[in-house]
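Number of protein chains: 2
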Amino acid sequence: MDQRYVDGGITNGFLRALDPESRDRLRPHLEPVELVRRRLIYSPGEDATHVYFVNRGLVSLVKTMQDGRLVEVGAIGAEGVVCLSSLLGLAEAVLESLVQISGDALKMKSSVLREEAARHAPLGEMVRGYAHIAIGQLTQTAACNRLHSLDQRCCRWLLAAHDSAGGDEFQLTHEFLALMLGVQRPGVSIAARHLQDAGMIRYQKGRVTVVDRAALEASACECYGAIRAQITDLYGTD
Amino acid sequence: MDQRYVDGGITNGFLRALDPESRDRLRPHLEPVELVRRRLIYSPGEDATHVYFVNRGLVSLVKTMQDGRLVEVGAIGAEGVVCLSSLLGLAEAVLESLVQISGDALKMKSSVLREEAARHAPLGEMVRGYAHIAIGQLTQTAACNRLHSLDQRCCRWLLAAHDSAGGDEFQLTHEFLALMLGVQRPGVSIAARHLQDAGMIRYQKGRVTVVDRAALEASACECYGAIRAQITDLYGTD
DNA sequence: GCGTTTCTGTACGAATTCGGACAGACAAAC
DNA sequence: GTTTGTCTGTCCGAATTCGTACAGAAACGC
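As they're listed, the protein sequences go chains X and Z.
Positions 20 to 257 (our numbering) are the ones given, in order, by the first sequence.
Positions 20 to 257 (our numbering) are the ones given, in order, by the second sequence.
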């Protein structure tokens, strides 16, 4: 029987990986919320009062520079938690969190999570563990941004999106992907053409269909796998 | 009177920013250690048993990819603490920590720091605050690696090095800088020539002299200033 | 002094990405 | 059905960086 029906619609990896007692402590504070594509969860400087456990969908963490140029430095899907800073007790969001693929999440007050984490050791352990893999994701992205080609990074991004989309088809424009990857839009168009010619994806007017996932994985840089590995490492193999 | 003489040779920004009680709690556990250029403090996978409070010198945090290519994702000078992971209770180092500029540090057991941080709230607050700016540094670097030119990143790196070198002149080869910035060596040679022609630095056989720091700051990307600002924000203006 | 090592300067073709522009195709709204 | 807006495909010159190679210069060891 699918766990999502057993446990009140919770498909978020972090919550599911918790021991039952920790989960029970958090459950009363969780509030369902819809994630709508292109909507912001947080802007830099805003008070990060809540954390979001993503059940479905994909949230991009975006760093904006002074001149307005921006680039994604992390992406959080159904296995993650939005707003790491607040886990550390910082009130202010540093990054923009932007919904890339619609879905839903459970939100709760950061302060409550922090208190519960301090009170109940296994939960605190898990929070610290998550902070650690979030850092891992950042370092991976920092290196990836420097060392890997646009084609590779496109594949990586599509794989992450595919994981969180809940299907082979999802909405995504070249424009948006270019913004996230920090490159010009025509660059993405060319990369997308490569992938389509190679039979990995199909593109049509703002929506992409993953056709050959295995091939995408083979063409992606190691960063996708490295981050997945860290996550399954923390959550255990379920 | 210089604080470094008042307080037993401690010039590390983190330790100096602590309240006296926190510092007194840590002091008995601190052990002086020399930082020797090009020596590794940690390699990935190694057990991170100690944290290092840098007094003088510069330590690079390096991410290595599967194919052996590498790039620096962070640098820690006299204001920082090496081995963030262990602050979160993780045993294993993820990054390589490499001494770029010789100096000295105070080391202590990660486990002791963790216990003291749990026992004494102000210290815990400071540790979490430091974790936060370390994350800020990673996001800044991730974006910088994608958006900024080699010349800009060279300037940024030289400024950080200058801060920690304890003088205008320090050892640095093009080869090493290229490794850190994740580019080819000739690229750095050309960038270095630009800076030298512009009268910002002087280069001579593996050692660089900062001639016009203000010009360097003007030519660097915003990332240098952004990271400095986060640090002074945490430590207060002393 | 001499040989070795290390480091820098430079050259050059190839590849990538930039930055901007424009036409065409599709979809939704009116 | 027509209009409007969005999105894709493509083009082009310029700039940047890659990847490699080689020569010269400085420092070091013997």
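Note that CB positions come from ideal geometry on N, CA and C, so glycine has one too.
| Query | Result |
| --- | --- |
| Closer than 8 Å, CB to CB, is X:Glu134 near chain Z or not? | no |
| Chain X beta carbons: is any one of them nearer than 8 Å to that of Z:Asn164? | yes |
| Between which residues of its own chain and Z:Ser105 is the CB-CB distance below 7 Å, once the five residues before and five after are set aside? | Ala67, Val70, Ser129 |
| Express the C-alpha separation of X:Phe195 and X:Asp252 in angstroms, rounding to a whole number. | 31 Å |
| By alpha-carbon positions, which one of X:Gly201, X:Arg232, X:Arg75, X:Tyr61 ends up nearest to Z:Cys163? | X:Gly201 |
| Starting from Z:Arg138, find everything on chain X with Cβ-Cβ shorter than 9 Å and list it in chain order. | Here the premise fails: no neighbours, minimum Cβ distance about 12 Å. |
| Have a look at the DSSP bridge pairing and note the partners of Z:Asp187. | In DSSP, Z:Asp187 forms no bridge with anything. |
| Can you give me the Cβ contacts of X:Ala124 inside the same chain, cut-off strictly under 7 Å, excluding the 5 residues immediately before and after it? | Val52, Leu54, Tyr71, Phe72, Val73, Asn74 |
| In chain Z, which residues lie with their C-beta within 7 Å of the C-beta of X:Leu107? | Arg147, Ala150, His151 |
| For X:Pro259, write down the residues that DSSP places opposite it in a beta bridge. | Because chain X in this structure spans residues 20 to 257, residue 259 of chain X falls outside the shown range and cannot be described. |
| Between the stretch 79-95 of chain Z and chain X, which residues of the former have CB atoms less than 7 Å from a CB of the latter, in chain order? | Lys82, Met84, Gln85, Arg88, Val90, Val92 |
| Find out if the Cβ-Cβ distance for the pair Z:Gly96, Z:Ser183 is shorter than 8 Å. | yes |
| Please classify Z:Leu59: is it buried, with 16 or more other beta-carbons within 10 angstroms of its beta-carbon, or exposed? | exposed |
| Measure how close the beta-carbons of X:Leu103 and X:Leu178 come, nearest whole angstrom, since I'm counting them as under 8 Å. | Their Cβ separation, rounded to whole angstroms, is 22 Å, which puts X:Leu103 and X:Leu178 out of contact at 8 Å. |
| Just how far apart, CA to CA, sit X:Ile209 and X:Phe33? | 36 Å |
| Taking just the CA atoms, how far does Z:Ala217 sit from X:Gln249? | 45 Å |
| Please determine, among X:Arg35, X:Gly244, X:Ser238, the residue with the shortest C-alpha to C-alpha distance to X:Asp170. | X:Ser238 |
| Does any residue of chain Z have a CB that is nearer than 8 Å to the CB of X:Ser104? | yes |
| Would you say Z:Gln119 lies against chain X (beta-carbon separation less than 8 Å)? | no |
| The alpha helix (DSSP H) that contains Z:Arg232, what's its start and end? | 232-238 |
| With burial defined as no fewer than 16 other Cβ atoms inside 10 Å of the residue's Cβ, what is the status of Z:Glu50: buried or exposed? | exposed |
| At 9 Å on the CB atoms, spell out the chain Z contacts of X:Leu114, in chain order. | Thr158 |
| Indicate whether at least one CB of chain X lies closer than 8 Å to the CB of Z:Gly201. | yes |
| What residues of chain Z sit near X:Gly155, judged by a beta carbon separation below 7 Å? | Val113 |
| Looking at the secondary structure, which residues open and close the alpha helix (DSSP H) in which X:Asn164 lies? | 140-166 |
| For Z:Leu89, I'd like the list of residues in its chain whose CB is within less than 6 Å of its CB, leaving aside the five on either flank, ordered along the chain. | Val81, Thr83 |
| Pull the bridge partners of Z:Ser79 from the DSSP assignment, please. | Z:Ala94, Z:Leu117 |
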